[in-house]
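Peer 1: Residue numbers (this note's numbering): 1 to 215. Yeah, the Cβ is synthetic: ideal placement off N, Cα and C, and Gly gets one too.
#1: Measuring alpha carbon to alpha carbon, tell me which residue in 204, 128 and 132 is nearest residue 170.
#2: My parser needs the alpha helix (DSSP H) runs of 4 or more residues fully inside the segment 102 to 155; what are they?
#3: Do residue 183 and residue 198 have their beta-carbon atoms positioned less than 9 Å apart in this structure?
#4: Count the CB pairs spanning the segment 125 to 140 and the segment 91 to 108 that are closer than 8 Å, and state whether there are at least three.
#5: Given a cut-off of 9 Å, decide if residue 181 and residue 85 are closer than it, judged by their beta-carbon atoms.
#6: What residues are listed by DSSP as bridge partners for residue 90?
#7: For residue 78, report the span of its alpha helix (DSSP H) as first-last.
#8: If you run the structure through DSSP and keep just helix, strand and coil, what is residue 205?
#9: Suppose the cutoff is 7 Å on Cβ atoms and the five residues either side in sequence are ignored; what does the same chain contact list for residue 158 look like?
#10: Considering only their Cβ atoms, is the gap separating residue 204 from residue 80 smaller than 9 Å?
#11: Do residue 142 and residue 102 come within 9 Å of each other at the CB atom, strictly closer than that value?
#12: Nearest-angstrom Cα distance between residue 106 and residue 147?
#13: Tell me whether the beta-carbon of residue 165 lies closer than 9 Å to the beta-carbon of residue 189.
#14: Sorted by chain position, which residues of the same chain lie with C-beta nearer than 8 Å to residue 83's C-beta, five sequence neighbours on each side aside?
#15: Can you tell me whether DSSP reads residue 184 as helix, strand or coil?
#16: If you draw a straight line from the alpha carbon of residue 66 to that of residue 154, how long is it in whole angstroms?
#17: Between residue 172 and residue 138, which are expected to be in contact by the criterion C-beta below 8 Å, what is the C-beta distance as a whole number of angstroms?
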């Protein structure tokens with residue numbers, strides 16, 4: 001099985017397991033959580049079967065060799081997730097620096113979008129890093145993720161989203177996805193069910209970003 005498909009298969013299997021036993025109330029420990037960082041350095045388009053997320057492939061099947069701008073990458077994620085994509089406000093360079101410590105000299109370009117209300121934390125960040133700053137930006141985003149987990153310890157729905165968030169480096173693009181949209185209907189089934197749902201949404205977003213960046 002190809003590496004990318006193996007990763008998606010494992011995540012989806014975990015999601016199914018979480019949903020089956022998600023009605024428990026046991027608090028998740030950090031050891032139970034998906035690591036926020038997973039690096040992809042080399043991958044080719046044929047490593048992933050087209051049938052998994054057909055919306056993406058239908059819209060890009062004739063775009064071989066296309067270079068995607070950051071807004072276009074965002075557009076691909078929005079098109080796949082539809083109404084389940086909640087980020088709506090773009091962050092400025094100054095706001096990105098205030099939240100993460102990432103300064104303008106570290107990257108070529110960035111896109112950062114989150115919800116308008118601070119009470120909700122759906123977020124997507126894509127940073128095209130300068131080569132010498134890839135590791136620095138990875139660590140800054142990891143620190144930002146840890147801060148969000150700490151800040152939302154008293155808010156179960158947001159905490160599940162923060163813990164299910166993913167960081168992935170694709171070539172010199174560092175992607176942070178913290179998605180999941182409305183998890184209210186899953187709240188009575190426990191943290192595991194909410195986290196499983198958010199993991200699945202994040203995996204969909206990362207799948208689209210990988211295929212667009214790596215093609």
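Peer 2: On the basis of the coordinates in this document:
#1: 128
#2: 134 to 151
#3: yes
#4: yes
#5: yes
#6: 113
#7: 70 to 81
#8: helix
#9: 121 and 152
#10: yes
#11: no
#12: 21 Å
#13: no
#14: 181
#15: helix
#16: 44 Å
#17: Rounded, the Cβ-Cβ distance is 11 Å, inconsistent with contact.
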